[in-house]
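In our numbering, the protein residues as written are 491 to 613. Everything on this sheet refers to the single structure shown next.
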């Protein structure tokens, strides 16, 4: 089963042979870079759970709320891209799921103590 957003972006492939539960599928899906462009409600839908049930189970499994987990993953991946890639800060922000570059810069600075551009210049 495929899930698409309005732009047609494939969000997940859930029904694969030898995969016994949506929970296992979700754990496999969480390791893919495309997950960074999804929202928590997208993840809940993909896993076949209500948003509240998904939040509760995710927090129990990963020891943090899914929104925080997604932000940590986005920022971590963006730092990696900034250090080892020639993409612009705007391109990186979009690639990791931020629609607003200012929000990305603010979150990055709060997490790492410098702006993405400062990190890019220092590499």
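By construction, the Cβ of each residue, glycine as well, lies at the ideal position given by its N, Cα and C atoms. This one's a predicted model, so the numbers in the text were calculated from it and none came from an experiment.
- In the DSSP assignment, residue 547 falls within the alpha helix (DSSP H) that extends over 541-552.
- When C-beta atoms of the segment 581-593 are compared with those of the segment 565-572, three or more pairs fall below 8 Å, so the two segments count as touching.
- When only Cα atoms are considered, residue 610 and residue 536 end up about 35 Å apart.
- Taking a 10 Å sphere around the C-beta of residue 603, we find fewer than 16 other C-beta atoms and assign the residue as exposed.
- Taking the CA atoms as reference points, residue 588 sits about 13 Å from residue 523.
- Here the C-alpha atom of residue 574 lies approximately 13 Å from the C-alpha atom of residue 607.
- Assignment of residue 574 by DSSP, reduced to helix, strand and coil, places it in the helix class.
- In chain order, 541 place their CB closer than 7 Å to the CB of residue 531, counting only its own chain and leaving out the 5 sequence neighbours on each side.
- Separation of the CB atoms of residue 597 and residue 561 is rounded to 7 Å, and the pair is thereby assigned contact status at 8 Å.
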